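**Q** The opening residue of the sequence shown carries number -9 in my numbering; numbering runs sequentially from there. Where is the CB? At the ideal position from N, CA and C, for every residue including glycine. What you are looking at is a predicted structure, and each value in this text was computed from that prediction instead of being measured.
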Amino acid sequence: MSTRIVMLMIGIMLVSCAANEQQALSPRVDGPNVVLITIDGLRWQEVFNGADAWLLGNPDYMHNLALMRDRFWHNDRVRRRELLMPFLWRKFGVEGQVYGNRAHNCAARVRNNMWFSYPGYNEMLVGYPDDFRIASNSAIDNPNVTVLEYLNRLPELAGRVAGAAMWDPIGNAVNENRSGVTMRTSVESIGVFPGAALPALLSDLGDSGKSIAGQGGLSAGSALSGA
């Protein structure tokens, strides 16, 4: 896996189904949302302990040591991790549950033997590894059915699953041609994403990715939504 941190964001926004004919004739309203966010290459140590003192003081990894230390360092571990990942700890840490702290014997491990992007995305979206057919980051269509394709095949959700990605192979991982899941696989095309509120969010994320990683954006970033 690459040593630099690349981001992947996948969100699935599902629209509630009409309970009766009267509701079916009414304007559609948003229903429960399921959002999956991953950061490819991020270590569990940073998630649960915050910025690493050695990395934070290493000029090979940080361009402005004083600024980074001022923004992300605190002697208290809980405060330090909140500085690094404020939304995770102020929202999920308070209102939800966060798993994966290996210091407390809570570990998650992949089953694929590749240990890099596309095989990991396949395992995450499909539920099992496929080391024989998914063994590189080549932009080949995924032969396996992802949970997104499964949802898109359900009559009540057909046509309501779509996605945007800043890394082209995400479109192949979802297998847009077979699954029918609408994909946008560049930062520039996010603006024409089918939907209402999400495109603005994705555009903001795309701009943020460019500001972090340059004009090309981050290597991987995607979001999926109901149309």
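Please report how far the alpha carbon of Asn48 lies from the alpha carbon of Leu57, in whole angstroms.
**A** Cα to Cα, the separation comes out at about 13 Å.
**Q** Hey, out of Glu139, Phe38, Ala129, Arg143, whose CA is closest to Arg92's CA?
**A** Considering only alpha carbons, the answer is Phe38.
**Q** Roughly how many whole angstroms lie between the Cα atoms of Asp42 and Asn103?
**A** Asp42 and Asn103: Cα-Cα distance of roughly 27 Å.
**Q** Tell me which residue opens and which closes the alpha helix (DSSP H) that Gln87 is part of.
**A** It is not in any alpha helix (DSSP H) - Gln87 carries neither H nor E in the DSSP assignment.
**Q** CA-CA distance, Arg67 and Gln35?
**A** Straight-line Cα distance between these residues: approximately 11 Å.
**Q** Drop a sphere of 10 angstroms on the beta-carbon of Pro109, count the other beta-carbons inside from all chains shown, and report buried for 16 or more, exposed for fewer.
**A** That one is buried.
**Q** Does the count of Cβ pairs from the region 110 to 118 and the region 132 to 146 closer than 8 Å reach three?
**A** The answer is yes - the region 132 to 146 touches the region 110 to 118, with three or more Cβ pairs under 8 Å.
**Q** Grab the span of the alpha helix (DSSP H) containing Ala163 for me, first residue to last.
**A** Taken as a continuous stretch (DSSP letters only), the alpha helix (DSSP H) holding Ala163 covers 159 to 164.
**Q** Would you please state the rounded distance, in angstroms, between the beta carbons of Val151 and Asn142? I believe it to be under 8 Å.
**A** About 4 Å separates the two Cβ atoms, so the contact holds.
**Q** Which residues in the same chain have their Cβ closer than 8 Å to the Cβ of Ala125, if we skip the five residues on either side of it in sequence?
**A** Within the same chain, Ala125 has close Cβ partners Met104, Pro109.
**Q** How far does the alpha helix (DSSP H) with Asn54 in it extend, from its first residue to its last?
**A** Segment: none, Asn54 is in no alpha helix (DSSP H) and carries neither H nor E.
**Q** Verify whether the separation of the beta carbon atoms of Ala129 and Asn95 is less than 7 Å.
**A** Against a cut-off of 7 Å, the Cβ pair of Asn95 and Ala129 comes out as no contact.
**Q** In its own chain, which residues sit with a C-beta less than 7 Å from the C-beta of Asp158, not counting the 5 before and 5 after it?
**A** Ala129, Thr175, listed in sequence order.
**Q** Got a sec: does the ligand ADP put a non-hydrogen atom nearer than 6 Å to the Cβ of Glu139?
**A** In the structure on display, the ligand ADP does not appear, and there are no ligands present to speak of.
**Q** Mind checking which residues open and close the alpha helix (DSSP H) that includes Asn95?
**A** Here Asn95 belongs to no alpha helix (DSSP H), and DSSP marks it neither H nor E.
**Q** According to DSSP, is Pro145 helix, strand or coil?
**A** Pro145: coil per DSSP, three-state reduction.
**Q** Drop a sphere of 10 angstroms on the beta-carbon of Gly90, count the other beta-carbons inside from all chains shown, and report buried for 16 or more, exposed for fewer.
**A** Exposed: under 16 other Cβ atoms inside 10 Å.
**Q** Among Gly170, Gly83, Gly117, whose alpha-carbon lies nearest the alpha-carbon of Arg99?
**A** Comparing Cα positions, the closest option is Gly117.
**Q** Can you give the Cα-Cα distance for Arg168 and Leu115, rounded to whole angstroms?
**A** Distance between the alpha carbons of Arg168 and Leu115 is about 15 Å.
**Q** DSSP state of Pro119, grouped into three classes?
**A** Coil at Pro119, not helix or strand.
**Q** For Pro22, which three-state DSSP category applies?
**A** In the structure shown, Pro22 sits in a strand (DSSP, three-state: E or B).
**Q** Within 10 Å of its beta-carbon, does Gly40 have 16 or more other beta-carbons around it, so buried, or fewer, so exposed?
**A** Looking at its Cβ environment, which holds 16 or more other Cβ atoms inside 10 Å, Gly40 is buried.
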